[in-house]
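What follows is a short report on a single structure.
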Amino acid sequence: MIEPIIVVHGGAGNYTYADISRCLRGVRAAAIKGHQVVQSGGSILDATVAAVEVMEADPEFNAGKGSVLTVDGKVQMEALVMEGEHMKVGSVTGITNVAHPISVAKLVMDLPHSILGFESATAFAHQNGIPFVPDEELITPASLQALENFKNKKISSAATEIPG
Amino acid sequence: TVGAIGIDSNGHMVSCTSTGGMNGKLTGRVGDTPIPGSGGYCDDNIGTVSATGNGESILRYNVSQRILAYLEAGTGAQEATRLAVEGMTKRVGGEAGAITIAKNGDVGIAFTSKRMSWAYVKGSKLYYGINPNE
């Protein structure tokens, strides 16, 4: 018998000192949420998806609300779910207008395919009951500022400034 | 990028990863996160991983699959995670971090970036950190 465990991360990167306490609060909340789902009898799949949803809803993290932006100011998100018993995969890329890409990836896992992309992934989500979320609910002042900094070359490259 | 991995009392494992991608990326850019073996990977016979960092490097180096290969060769979760992210930085450049659970419940957390926030509950204790060696 193995002791159930959920481990979460909030992204690798530079983090400014101001970010640190907010990010630690976010990852602690996600780990506790995942643990609670397992303790109350939920599956390990439900527990890990619930933990990621906590962080997707937290504008502090580069996922869901608070995602970084494309060079033309758009949100295009990605997510992957993989289970280890049958090694089934559910994955979305370039998805927009949803709050929880990870929940859409979980739906894709039950298809005969593994990866759905871009407008088809977004359409699939809305056709399967995932609510439409307008861009302005996903874009934050911090992500707009980060894009501005990148465009003004105040930061060396996109990859080094925003965790994850 | 955010991630969650888990193992239940029967040894079933899951890997979940979600991201907005890279600040200032071209429209249409696909990163490592949606690609099994790069942004995440999971096999009940070996372990489960979620990776984060410079997506192009993680994608090219197949970070998550390499961690499972190290586990399969008998390396512990912490060492497997460290070897893969450091190997990536050395071989293709860029920074990365990953979280790993081996099939025996062993946890690995490593990163070559300045920081990576992480947390887990084991027993009734909450462990968390963000700086190296925490």
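Each protein sequence line maps, in turn, to chains A and B.
With the first letter of the first sequence counted as 1, position 34 gets the number 155 in my numbering; the numbers rise by one all the way through.
With the first letter of the second sequence counted as 1, position 36 gets the number 49 in my numbering; the numbers rise by one all the way through.
The beta-carbon is built from N, C-alpha and C at its ideal position, and this holds for glycine as well.
How far does the beta strand (DSSP E) with residue i in it reach, from first residue to last?
i        : result
A/Glu204 : Met198 to Glu204
B/Ile48  : Note, B/Ile48: premise wrong, no beta strand (DSSP E); not H, not E.
B/Ala111 : Ala109 to Ala115
A/Gly132 : Ile126 to Gly134
B/Ala132 : Arg128 to Lys135
A/Ile123 : First-last for A/Ile123: undefined, no H or E at that position.
B/Ser70  : Looking at the DSSP string, B/Ser70 is not in any beta strand (DSSP E); the run it does join, the alpha helix (DSSP H), is Gly68 to Tyr74.
B/Thr32  : Met26 to Thr32
B/Ile18  : Val15 to Ile20
B/Val120 : Val120 to Phe124
B/Gly142 : Lys138 to Gly142
Could you name the residues of chain B that residue i contacts, counting a contact when the two beta carbons are closer than 9 Å?
i        : result
A/Gly162 : Residues of chain B passing the Cβ test: none, with the nearest at roughly 11 Å.
A/Phe253 : Going along chain B, no residue has its Cβ under 9 Å from A/Phe253, so there is no contact; the nearest lies around 18 Å.
A/Met230 : Within chain B, no residue comes near A/Met230; the closest Cβ sits about 10 Å away, beyond 9 Å.
A/Pro262 : Per Cβ cutoff of 9 Å: no residues; A/Pro262 is ~14 Å from chain B at best.
A/Lys272 : Gly37
A/Glu177 : Val15 and Ser31
Can you name the residues of chain A whose CB is closer than 8 Å to the CB of residue i?
i        : result
B/Arg79  : Ordered by position in chain A, no residue passes the 8 Å Cβ test against B/Arg79, which lies about 16 Å from the chain.
B/Pro49  : Leu201, Met203, Val210, Ser212 and Ser235
B/Val43  : Glu199, Thr214, Gly215 and Gly238
B/Ala115 : Residues of chain A passing the Cβ test: none, with the nearest at roughly 10 Å.
B/Leu39  : Thr191 and Val192
Counting C-beta neighbours from all protein chains within 10 Å, is the total for residue i 16 or more, i.e. buried, or is it exposed?
i        : result
A/Leu190 : buried
A/Gly285 : Here A/Gly285 scores only 49 on pLDDT, less than 50, and its place in the model should not be relied on; the value that follows carries that caveat. Flag for A/Gly285 reads buried.
A/Phe253 : exposed
A/Met208 : exposed
A/Leu265 : exposed
A/Asp231 : exposed
A/Arg149 : buried
B/Arg104 : exposed
A/Tyr138 : exposed
B/Ser70  : buried
B/Ser63  : buried
B/Leu39  : exposed
A/Asn183 : buried
A/Ile127 : buried
A/Met122 : exposed
A/Gln197 : buried
Report the neighbours of residue i on chain A: residues whose CB is nearer than 7 Å to its CB, in chain order.
i        : result
B/Tyr54  : Met203
B/Gly118 : Ile123, Glu124 and Ile126
B/Thr46  : Glu199, Ala200 and Leu201
Could you give the residue range of the alpha helix (DSSP H) that holds residue i?
i        : result
A/His247 : Phe239 to Gln248
A/Phe271 : Pro262 to Lys272
B/Val43  : From DSSP, B/Val43 is part of no alpha helix (DSSP H); its letter is neither H nor E.
A/Ile223 : Pro222 to Val229
A/Leu259 : Asp256 to Leu259
Starting from the beta carbon of residue i, find every residue of chain E whose beta carbon is closer than 7 Å, and list them in chain order.
i       : result
B/Thr30 : Among the protein chains in the structure shown, which are A and B, there is no chain E.
Strictly below 7 Å CB to CB, what residues from chain B border residue i?
i        : result
A/Leu166 : Val27
A/Ala103 : Here chain A has residues from 122 to 285 only, and residue 103 of chain A is not among them.
A/Asn183 : Thr14, Thr32 and Gly33
A/Pro222 : Ser31
Using a cut-off of 8 Å between C-beta atoms, extract the partners of residue i located in chain B.
i        : result
A/Leu268 : Asn36 and Gly37
Report task. Please specify which runs of the beta strand (DSSP E), each continuous and at least 3 residues long, are wholly inside the region 139 to 217 of chain A, giving them in chain order. Result -> Listed in chain order, the complete beta strand (DSSP E) runs (minimum 3 residues) inside the region 139 to 217 of chain A are 198 to 204 and 210 to 216.
Query - Under 8 Å (Cβ pairs) to chain B, residues found in the region 240 to 251 of chain A - result: For the region 240 to 251 of chain A, the set of residues with a beta-carbon nearer than 8 Å to any beta-carbon of chain B is empty.
Query raised in the report: Going along the chain, which residues of the region 90 to 112 of chain B sit with their C-beta nearer than 9 Å to a C-beta in chain A?
Result: For the region 90 to 112 of chain B, residues whose beta-carbon sits nearer than 9 Å to a beta-carbon of chain A comprise Val98, Gly107, Glu108, Ala109, Gly110, Ala111 and Ile112.
Query - Completely contained alpha helix (DSSP H) runs for the region 81 to 110 of chain B, where each covers 4 or more residues - result: As far as the region 81 to 110 of chain B is concerned, its whole alpha helix (DSSP H) runs of at least 4 residues are 90 to 105.
**Report entry** Contact set between the region 127 to 140 of chain B and chain A, restricted to residues whose Cβ is under 8 Å from the partner
**Finding:** If the cut-off is 8 Å between Cβ atoms, the region 127 to 140 of chain B has Lys127, Arg128, Met129, Ser130, Trp131, Ala132, Tyr133, Val134, Lys135, Gly136 and Leu139 near chain A.
**Report entry** the region 136 to 156 of chain A: positions lying closer than 8 Å to chain B by Cβ
**Finding:** For the region 136 to 156 of chain A, which is checked against every Cβ of chain B, the residues closer than 8 Å are Tyr136, Ile141, Cys144, Leu145, Gly147, Val148, Arg149, Ala151, Ala152, Ile153, Gly155 and His156.
Requested in this report: Give the residues from the region 58 to 69 of chain B that approach chain A closer than 9 Å (Cβ to any Cβ), ordered along the chain.
Outcome: So the close ones are Asn58, Ile59, Gly60, Thr61, Ser63, Ala64, Thr65, Gly66, Asn67, Gly68 and Glu69.
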